[in-house]
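Residue numbers (our numbering): 23 to 364.
Note that beta-carbon positions come from the ideal geometry of N, C-alpha and C, so glycine has one too.
These figures come from a predicted structure and were not determined experimentally.
Presented below is the structure to which this report refers.
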């Protein structure tokens with residue numbers, strides 16, 4: 023942007039913010055002091071945008087957009103996201119601006135912003151990489167999958183979904199095993215990551231690895247001819263540990279979901295989590311809808327495994343001390359299992 027165009031653009035957006043009070047409903051909702059504050063934030067954001075400070079500019083423009091939902095401000099917030107490489111968020115922001123309803127009296131500045139956002143959305147959509155995660159030899163709806171630490175809903179397993187360009191870490195956890203894969207995706211590329219829980223070398227120990235000196239992975243059950251009672255106790259402790267881990271995960275995610283729901287209610291959502299479409303509620307609502315899917319299956323799976331493990335332990339005869347067989351369960355935030363010498 024040249025120095026001459028910048029004052030014209032700031033003037034256009036400032037005028038648009040003032041025109042945001044044109045309708046009676048908005049005039050009743052927003053006082054002049056708020057409009058003045060929004061105008062100042064937009065001007066600061068545009069100045070930072072021109073200087074290439076996109077993260078700081080996005081913060082200012084997002085604040086202005088929360089005060090007055092103007093397409094001009096939303097357009098430049100989306101451009102900041104695009105410059106920061108957050109193409110998925112930028113695409114959704116462009117789409118939101120392009121769909122903003124305008125009445126017949128809307129200014130030419132507003133109409134141009136909506137049109138520009140629609141064109142930018144179409145151009146950007148083709149640049150966004152896509153990633154699909156599939157599960158082999160494990161029940162795909164029981165595997166807990168994350169991409170860069172964010173949970174993937176079971177309905178999206180095997181489905182190509184948009185991601186930002188760059189490095190990504192995919193993890194899948196099931197039955198005490200955690201598989202970790204890394205992938206680099208440039209713009210306009212697609213990839214599929216397969217999490218094969220029967221593949222050679224699939225880690226059984228939780229990730230990250232235990233501290234120095236601790237066992238890396240539990241031993242497999244004894245082969246034919248081993249001690250059946252010891253094997254039964256080992257399976258019982260494994261089930262109890264895994265079940266306890268599932269209950270812990272369920273409790274934690276239930277608490278997180280409850281906190282997110284309370285935040286959404288404070289932002290204007292109903293008790294049924296029906297929310298107004300604002301930038302503040304959009305991000306938090308997406309996180310809430312993802313997290314709330316986890317507690318129920320975690321509680322169910324954890325309870326069943328724990329109960330089955332307790333039943334095995336109570337029905338297994340005591341191990342003869344002279345055999346020297348030892349077993350010790352382990353439980354961590356990443357999983358659970360049994361280690362020992364049989």
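| Item | Value |
| --- | --- |
| How close, in whole Å, do the beta carbons of residue 183 and residue 159 come, if the pair is a contact with beta carbons under 8 Å? | Rounded, the Cβ-Cβ distance is 22 Å, inconsistent with contact. |
| Is residue 78 helix, strand or coil when you go by DSSP? | helix |
| For the candidate residues 94, 59 and 98, whose alpha-carbon lies nearest to that of residue 78? | 98 |
| Select from 169, 322 and 116 the residue whose C-alpha is nearest the C-alpha of residue 145. | 116 |
| Quick one: give me the first and last residue of the alpha helix (DSSP H) that residue 134 is part of. | 130-147 |
| Counting pairs of Cβ atoms below 8 Å between the stretch 197-214 and the stretch 170-177, do you hit three or more? | no |
| Which ranges would you report for the beta strand (DSSP E) in the stretch 297-339 if only whole runs of at least 3 residues count? | none |
| For residue 194, which residues does DSSP report across the bridge? | 167 and 201 |
| Quick one: give me the first and last residue of the beta strand (DSSP E) that residue 152 is part of. | 152-158 |
| Leaving out the 5 sequence neighbours to the left and right, which residues in its chain are closer than 8 Å to residue 179 when beta-carbon positions are compared? | 155, 156, 157, 162, 163, 165 and 167 |
| Short of 8 Å in beta carbon distance, which residues of its chain neighbour residue 278, apart from the five on each side in sequence? Order them along the chain. | 313 |
| Apart from the five residues just before and just after residue 320, which ones in its own chain have a Cβ nearer than 8 Å to its Cβ? | 268, 269, 271, 272 and 275 |
| From residue 299 to residue 130, what does the alpha carbon distance come to, in whole angstroms? | 24 Å |
| What separation, rounded to the nearest whole angstrom, lies between the Cα atoms of residue 344 and residue 194? | Its pLDDT being 43, under 50, residue 344 is placed unreliably by the model, and nothing is read from it. |
| Taking only runs of the alpha helix (DSSP H) that begin and end inside the stretch 93-129, which ones reach a length of at least 4 residues, in chain order? | 93-105 and 109-120 |
| Within 10 Å of its beta-carbon, does residue 200 have 16 or more other beta-carbons around it, so buried, or fewer, so exposed? | buried |
| Report the residue from 125, 72 and 80 whose alpha carbon sits nearest the alpha carbon of residue 63. | 80 |
| If we call anything under 7 Å between Cβ atoms a contact, is residue 187 one with residue 135? | no |
| Anyone know if the C-beta pair for residue 295 and residue 286 falls short of 7 Å? | yes |
| In chain order, what residues of the same chain lie with their CB nearer than 8 Å to the CB of residue 84, ignoring the 5 residues before and after it? | 99 and 301 |
| Going by Cα to Cα distance, which pick from 203, 143 and 82 is closest to residue 214? | 203 |
| What are the residues that DSSP puts in a beta bridge with residue 206? | 189 |
| State the CB to CB distance for the pair residue 139 and residue 90, rounded to an integer number of angstroms; the pair is presumed to be in contact (CB under 8 Å). | Not quite, the Cβ-Cβ distance comes to about 16 Å (not below 8 Å), so this is no contact. |
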